[in-house]
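S.K.: Before anything else, here's the structure in question.
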Amino acid sequence: MCLVTPFGIPGLAVVLLGVEGSHHIQYKQRVQTSKNGRQALSPINPEYFQRVAESFMDSLYPCVCQKCGVVCSGRVGNRVARARCPQCRQQRSRFGHTPLRSFKLPLWIFGWAVEESFLRHPKVLTATEIQRRVGISYPSALLLKRRIQLVACQQNEAVRAIVRADLGREFRRFRLPPEGRDVRKSVRGRSVVHADTMALFSASQRANKGRKRHRHKGLTSSIYLSDKLGGKQIGTLVHVMGTQKGWCLLDSVPDQKAETLGKIIRDTIPTNVPVFTDEGYKWLYRVYPNHRMVNHSAKSKDIRCALSAERWCKKGVHNQVAEGFNGSLKSAFRGYGYVRPEWSKMYLNEWAFFKNVRVFGVRKIADQRERARRTRSLYGITPRFFLL
Ligand SMILES: [Zn+2]
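Okay, so the sequence shown: first residue is 211 according to the numbering used here, each after it adds one.
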């Protein structure tokens with residue numbers, strides 16, 4: 211069976227899941243064809259994308275027999291949503307209790323959308339484009355997108371656990387040189403965490419009907435409308451964390467207070483890890499001894515310049531990784547036009563998920579989920595504190 215995508219590049223299945231052999235049985239699928247035969251001309255290969263969908267779902271949500279505790283690897287005729295336990299021969303629902311529950315479209319469309327989102331990251335796949343490319347209606351395309359976003363949201367905890375474990379291992383008993391000294395030598399080749407906050411779809415003066423913004427200060431002001439217009443939130447405040455050429459975690463936050471951001475950082479980053487931020491995180495040093503800040507509005511000592519040249523990087527302390535994530539997130543979200551703040555979490559998790567899949571691979575995330583599942587069933591509690 212051909213595992214190279216119709217475009218000639220090895221796809222998600224080969225690169226990340228290592229799908230080989232042909233233990234997946236092909237199923238008859240209802241391939242939608244439009245009247246003018248557009249499907250016939252389309253380069254989409256349904257069999258390939260069905261296998262992408264199946265291996266993606268099987269690794270993240272393995273169908274486990276409750277009685278025997280083994281993965282139901284048997285297939286049931288041409289019913290793609292059923293699986294059979296190899297020991298007790300009982301049938302189980304393969305996608306029940308997963309984001310694909312009651313999925314009525316052909317399965318290959320899900321596989322196609324997942325692979326397409328993965329391949330084009332950091333750019334995004336919009337519902338309108340799904341509608342146009344596979345020929346389904348807009349509401350179906352949007353629901354399909356929501357299912358992918360749900361998958362992404364449910365992997366968040368596993369990704370955080372991986373990040374926490376990796377950082378904890380790398381920075382056990384690590385200390386940066388004292389504040390003000392050059393840190394370049396001690397952080398070279400290390401995965402220093404960079405954190406920053408950014409606003410998406412900020413409220414312009416036009417949205418505020420010409421009013422200047424007074425009520426809130428800083429970034430927070432740009433996501434809320436003026437009080438006279440009801441003070442509704444229309445933009446999204448995003449907390450960005452990540453390492454160079456590594457993972458990325460995004461959180462939609464209501465403000466930049468220590469109690470909001472501090473909790474997110476403490477949940478993910480062990481205390482010995484070096485964290486580089488801008489001046490918005492003045493409170494972080496209390497928990498993180500290796501926290502360093504770069505002053506983006508540092509004044510110059512020379513009277514010819516207002517601002518110092520060291521306002522981006524001073525003695526090796528900089529925030530460029532988070533700023534880079536900000537830039538690519540901003541240009542990616544321009545593809546959506548607008549995202550309402552109540553949905554922001556889904557969109558942000560989706561973007562971060564495909565970034566993290568590129569870094570860790572689906573297999574590592576799936577293994578982490580499996581470990582968490584085992585721990586939970588052992589102790590009957592949430593696994594978070596056991597995975598540090
Ligand atoms: Zn069984």
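Glycine residues also receive a C-beta, built at the ideal position from the N, C-alpha and C atoms.
Quantities reported herein were computed from a predicted structural model and do not represent experimental measurements.
Who sits around ligand 1, taking every residue whose Cβ is closer than 6 angstroms to one of its heavy atoms?
M.R.: Going by the Cβ distance cut-off, the answer is 275, 277, 278, 295, 297, 298 and 300.
S.K.: Ordered along the chain, which non-local residues of its own chain (more than five positions away) have a Cβ less than 6 angstroms from that of residue 351?
M.R.: Excluding residues within five positions, the ones whose Cβ falls inside 6 angstroms are 337, 340 and 341.
S.K.: So, at 8 angstroms on beta carbons, what are the nonlocal neighbours of residue 527 in its own chain, with the 5 sequence-adjacent residues on each side left out?
M.R.: The answer, listed in chain order, is 393, 486, 502, 503 and 504.
S.K.: Please give me, in chain order, every unbroken run of the beta strand (DSSP E) with length at least 3 that falls completely inside the stretch 337–425.
M.R.: Listed in chain order, the complete beta strand (DSSP E) runs (minimum 3 residues) inside the stretch 337–425 are 403–410.
S.K.: So, does the stretch 434–442 touch the stretch 504–516, judging by three or more C-beta pairs under 8 angstroms?
M.R.: No contact exists between the stretch 434–442 and the stretch 504–516.
S.K.: Going by DSSP, what residue range makes up the alpha helix (DSSP H) through residue 268?
M.R.: Start and end: 256–270.
S.K.: Whole angstroms are fine: how far does the CA of residue 262 sit from the CA of residue 256?
M.R.: Distance between the alpha carbons of residue 256 and residue 262: 10 angstroms.
S.K.: Suppose you measure from the CA of residue 396 to the CA of residue 361; what does that come to, to the nearest Å?
M.R.: The alpha-carbon atoms of residue 396 and residue 361 are separated by roughly 38 angstroms.
S.K.: I believe residue 634 touches residue 404 by the beta-carbon criterion, under 8 angstroms. Please report the beta-carbon distance rounded to the nearest angstrom.
M.R.: As displayed, the chain neither begins before 211 nor continues past 598, which places residue 634 out of reach and without an answer.
S.K.: Quick check on the DSSP output: the beta strand (DSSP E) that includes residue 323 runs from which residue to which?
M.R.: Element bounds for residue 323: not the beta strand (DSSP E) but the alpha helix (DSSP H), 317–330.
S.K.: Taking contact to mean 3 or more Cβ pairs, one atom from each stretch, closer than 8 angstroms, check whether the stretch 540–551 and the stretch 310–319 are in contact.
M.R.: In short, these stretches do not touch, since the Cβ pair count stays below three.
S.K.: Per DSSP, which residues does residue 301 bridge with? Please list them.
M.R.: 294.
S.K.: Which residue marks the beginning of the alpha helix (DSSP H) containing residue 558, and which one marks its end?
M.R.: It spans 554–570 - the alpha helix (DSSP H) in which residue 558 sits, taken as one unbroken run.
S.K.: I'd like to know whether the C-beta of residue 309 is nearer than 7 angstroms to at least one C-beta of chain B.
M.R.: Among the protein chains of the structure shown there is no chain B, as only one such chain exists.
S.K.: Which residues bound the beta strand (DSSP E) around residue 450?
M.R.: Residues 446–452.
S.K.: Closer than 8 angstroms is the cut-off here; do at least three beta carbon pairs connect the stretch 470–484 with the stretch 376–388?
M.R.: A contact exists between the stretch 470–484 and the stretch 376–388.
S.K.: Identify which residue in 330, 323, 372 and 364 has its Cα closest to the Cα of residue 355.
M.R.: Of 330, 323, 372 and 364, the residue nearest in Cα terms is 323.
S.K.: Along the chain, where does the alpha helix (DSSP H) that runs through residue 486 open and close?
M.R.: It is not in any alpha helix (DSSP H) - residue 486 instead sits in the beta strand (DSSP E) that spans 485–488.
S.K.: Is it buried or exposed for residue 288, if we count other Cβ within 10 angstroms and need 16 for buried?
M.R.: Classification for residue 288: exposed.
S.K.: When you compare only the Cα positions, how much space is there between residue 496 and residue 365?
M.R.: Cα to Cα, residue 496 sits roughly 30 angstroms from residue 365.
S.K.: Relative to the alpha-carbon of residue 450, which residue among 469, 488, 271 and 434 has its alpha-carbon at the smallest distance?
M.R.: Closest by alpha carbon: 488.
S.K.: Tell me the start and end of each unbroken beta strand (DSSP E) in the stretch 455–515 that is at least 3 residues and wholly inside, in chain order.
M.R.: Within the stretch 455–515, the complete beta strand (DSSP E) runs of at least 3 residues are 458–463, 485–488 and 501–504.
S.K.: Anyone know if the C-beta pair for residue 445 and residue 401 falls short of 7 angstroms?
M.R.: Contact: no.
S.K.: CA-CA distance, residue 556 and residue 363?
M.R.: Their Cα atoms are separated by approximately 7 angstroms.
S.K.: What are the start and end residues of the beta strand (DSSP E) that includes residue 284?
M.R.: From DSSP, the beta strand (DSSP E) with residue 284 extends over 284–286.
S.K.: I'd like the span of the alpha helix (DSSP H) that includes residue 530, first residue to last.
M.R.: Element bounds for residue 530: 530–543.
S.K.: For residue 527, list the residues DSSP reports as bridge partners.
M.R.: 524, per the DSSP bridge assignment.
S.K.: Please determine, among 353, 316, 563 and 281, the residue with the shortest C-alpha to C-alpha distance to residue 303.
M.R.: The residue with the shortest Cα to Cα distance from residue 303 is 281.
S.K.: Can residue 409 and residue 432 be called in contact, C-beta distance under 7 angstroms?
M.R.: Taking 7 angstroms as the Cβ cut-off, residue 409 and residue 432 qualify as a contacting pair.
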